[in-house]
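First to last, the protein sequences are chains A and B. Here the numbering used here is used: the first residue of the first sequence is 31, the next is one more, and so on. Here the numbering used here is used: the first residue of the second sequence is 31, the next is one more, and so on. Built from N, CA and C at the ideal position, the CB exists for glycine as well. Taking it in order: structure first as structure tokens, then the write-up.
2 protein chains.
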Amino acid sequence: MGQNRFERDTAVATVDEGRYRANVDPGWAVIAGAAPNGGYLLAMAARAMRDPVPHPDPVTITAHFLAPPQPGEIDIEVEVVRTGRRHSTVQGRMVQDGRETLRAIATFGDLAAADGPTRVDRPRPPLPRFEDCIDATTAGVEAARAGGFQAPPVLERFDHRMSPNMMRWAKGEPLGRGEMGGWLRWADDDGPVDTLGVLVVADCYPPAVFNSGVGNLGWVPTIELTVQVRKRPAPGYLGAWLTTQAITGGYLEEDGAVWDSAGDLVALSRQLALASR
Amino acid sequence: MGQNRFERDTAVATVDEGRYRANVDPGWAVIAGAAPNGGYLLAMAARAMRDPVPHPDPVTITAHFLAPPQPGEIDIEVEVVRTGRRHSTVQGRMVQDGRETLRAIATFGDLAAADGPTRVDRPRPPLPRFEDCIDATTAGVEAARAGGFQAPPVLERFDHRMSPNMMRWAKGEPLGRGEMGGWLRWADDDGPVDTLGVLVVADCYPPAVFNSGVGNLGWVPTIELTVQVRKRPAPGYLGAWLTTQAITGGYLEEDGAVWDSAGDLVALSRQLALASR
């Protein structure tokens, strides 16, 4: 079975003990030619960080974004902080041209071996019925073309199914609530998204604040992103729902929840970002 | 104006460039003689971490808890990752007897200088009316004494005002919902809690899962705790509300929100912890 594009574009090669090399692909930019998607960078860092430890799943990972890297070669320096029976804690630093662009810390576990109580009281997000969704990837690419610009490259990495209402912020008609979400899977692979891919899903949409009606539609830089991964997703589309409900002095959170086709919670995410100025 | 106990018990002294020394006080243990409160350790680390940078407020801070330290001397190694005009990113390591016990990363800012849009749609937590609360510190200490054991030392660091219902889990009568919270301020200082104190507030209650009816009432170890601080609190009691709504395979989140007497959101927190086995 070949690799999918996500796997290829986040591949890491060992350079030395604790040092990996990867390639920032321009196909994951949030605006053509501009900064790569934060979740993509997080997943790339996580792939290097889990390499030296026996636990494959990032049960909780946090990155602070220091500077947007350019497409091309990037190094990831990995330090194993602690390895235990059940979890390993690992730090990662992404460095390009001598400049650190991201610092991450994660605890990895083995979600296939997780045992203990289970009870989910958290309400499921108000996802649209799948059959009421449009192919939002194609619609987005066509809308961009009609407008004379290039769609965000990261958009095309996913097969997005969304409510038509969800994207009307782009026409100046925001929902009036800080919400963004829908159903999605990889554009080039209809198999399950793995627990590194979930890190991208948690950050792959336009900012939920764009639907709030607050601020403008410019860049919303992420300061910090944390993702808790709870389950290896079942096959099929994932449902992802992001909300921004507290914009204070230009700071905002974006809270995400990812569910799978089996009806299980897959991940919770939260980021701190700056409203566009 | 003298220091309050929180300030004294989280004081750090410079040992060398990037190296601070502090004292883990037994008065912040979650069980007498056992592990210190995680928020207390986080605040201590944050005090050292902010020392070398010009930004005083932890707008987002994450710690991974590696091992519980003992009371007594502890070192905090601080690395300034990046300092910019608006924010500084700093890493901290707590080391005791050569063993790392906590690794943290934070971005500090200046919340007094925060500008930009403000809109809070997040519902206020269902806090009880203040006048319906009991003095939960005194009640907790007396209940423990009547039961022949010592109350959690950290309990007495706060003047807690809570609904009588909130603490009935201790008598085997949980609410049936993963909720914990109430009103609080420092026991020895009726002035405002500062943005380091908020880090303790976000983690100072018994685990919300104790009110869920799931699992037993044993130790719920925190793997990772992240706090976003949005505002320097106004004077008066803080309202804090913690919820656990997703227990999966023994992993659980605890989400917190802290509000102040001016009706403003002060902090959002989330931790990943393990259900008691």
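Could you tell me whether the Cβ of residue i comes closer than 7 Å to any Cβ of chain A?
i: B/G25; result: Residue 25 of chain B lies beyond the range of chain B shown here (31 to 307); nothing can be said about it.
i: B/I106; result: no
i: B/V83; result: no
i: B/T225; result: no
i: B/H94; result: yes
i: B/G280; result: yes
i: B/E254; result: yes
i: B/A75; result: no
i: B/D162; result: no
i: B/V54; result: no
i: B/L298; result: yes
i: B/D151; result: yes
i: B/A305; result: yes
i: B/T119; result: yes
Going by C-alpha to C-alpha distance, which of the options sits closest to residue i?
i: A/L185; options: A/V223, A/A59 and A/N53; result: A/A59
i: B/G202; options: B/F188, B/A93, B/P158 and B/L247; result: B/L247
i: A/I106; options: A/A217, A/G170, A/A75 and A/Q258; result: A/A75
i: B/P237; options: B/W216, B/D219 and B/D285; result: B/D285
i: A/G206; options: A/I135, A/I104, A/F240 and A/R149; result: A/F240
i: A/T90; options: B/A305, B/S306, B/Y281 and B/D294; result: B/Y281
i: A/F138; options: A/L295, A/T274, A/L226 and A/W271; result: A/L226
i: B/S306; options: B/V244, B/G211 and B/A287; result: B/V244
i: A/G266; options: A/S299, A/L214 and A/L298; result: A/L214
i: A/E283; options: B/A297, B/H117, B/I104 and B/D140; result: B/A297
i: B/Y235; options: B/D189, B/P82 and B/R262; result: B/D189
i: A/P66; options: A/T131, A/D219 and A/V83; result: A/T131
i: B/D290; options: B/R80, B/G212 and B/A174; result: B/G212
i: B/R152; options: A/S299, A/Y50, A/S242 and A/E254; result: A/S242
i: B/M124; options: B/V54, B/P222 and B/G221; result: B/V54
i: A/G122; options: A/H85, A/R80 and A/R116; result: A/R80
i: A/G22; options: A/P204, A/M196 and A/E47; result: Shown here, chain A extends from 31 to 307; a query on residue 22 of chain A therefore has no answer.
i: B/R115; options: B/P84, B/D162, B/L268 and B/D220; result: B/P84
i: B/T168; options: B/P158, B/L157, B/L268 and B/P194; result: B/P194
Check whether chain B comes within 7 Å of residue i, counting only Cβ atoms and requiring the distance to be less than that.
i: A/T90; result: yes
i: A/E283; result: yes
i: A/G245; result: yes
i: A/Q126; result: no
i: A/L295; result: yes
i: A/F258; result: Before going on, a small fix: residue 258 of chain A reads as Gln here, not Phe. Output row for A/Q258: interface = yes.
i: A/L302; result: yes
i: A/T137; result: yes
i: A/Q275; result: yes
i: A/A111; result: As written in the sequence, residue 111 of chain A is Val, which differs from the Ala given in the question. Yes, because at least one Cβ of chain B sits closer than 7 Å to the Cβ of A/V111.
i: A/R129; result: no
So, residue i versus residue j, is the Cβ gap smaller than 7 Å?
i: A/V42; j: A/A78; result: yes
i: B/D224; j: B/G68; result: no
i: A/A200; j: A/T252; result: no
i: B/A264; j: B/A292; result: yes
i: B/A276; j: A/L272; result: no
i: A/T256; j: A/G208; result: no
i: B/P155; j: B/A287; result: yes
i: B/R262; j: B/L141; result: yes
i: A/V250; j: A/Y70; result: no
i: B/T92; j: A/T148; result: no
Can you tell me whether residue i is buried or exposed? The criterion is at least 16 other CB atoms within 10 Å of its CB, across all chains shown.
i: B/F95; result: buried
i: A/F160; result: exposed
i: A/D127; result: exposed
i: A/P308; result: Outside the shown range of chain A (31 to 307) lies residue 308 of chain A, about which nothing can therefore be said.
i: A/F36; result: buried
i: B/Q33; result: exposed
i: A/D335; result: As shown, chain A starts at 31 and ends at 307. That puts residue 335 of chain A outside it, with no answer to give.
i: B/T44; result: exposed
i: A/R300; result: buried
i: B/A181; result: buried
Just to check my reading of the structure: residue i and residue j have Cβ atoms closer than 8 Å, yes? What is that Cβ distance to the nearest angstrom?
i: B/G57; j: B/P183; result: 5 Å
i: B/V150; j: A/T278; result: 7 Å
i: A/R187; j: A/A217; result: 6 Å
i: B/M210; j: B/I164; result: Rounded, the Cβ-Cβ distance is 15 Å, inconsistent with contact.
i: A/I104; j: A/A52; result: 5 Å
i: A/T113; j: B/R133; result: 14 Å between Cβ atoms; not a contact.
i: B/V108; j: B/P82; result: 6 Å
i: A/D145; j: A/V259; result: With 8 Å as the limit, A/D145 and A/V259 do not qualify as a contact, their Cβ atoms being about 16 Å apart.
Regarding residue i and the ligand GTP, is the C-beta to nearest heavy atom distance less than 6 Å?
i: B/R149; result: Annotation note on the ligand GTP: not contained in the displayed structure, which lists no ligands.
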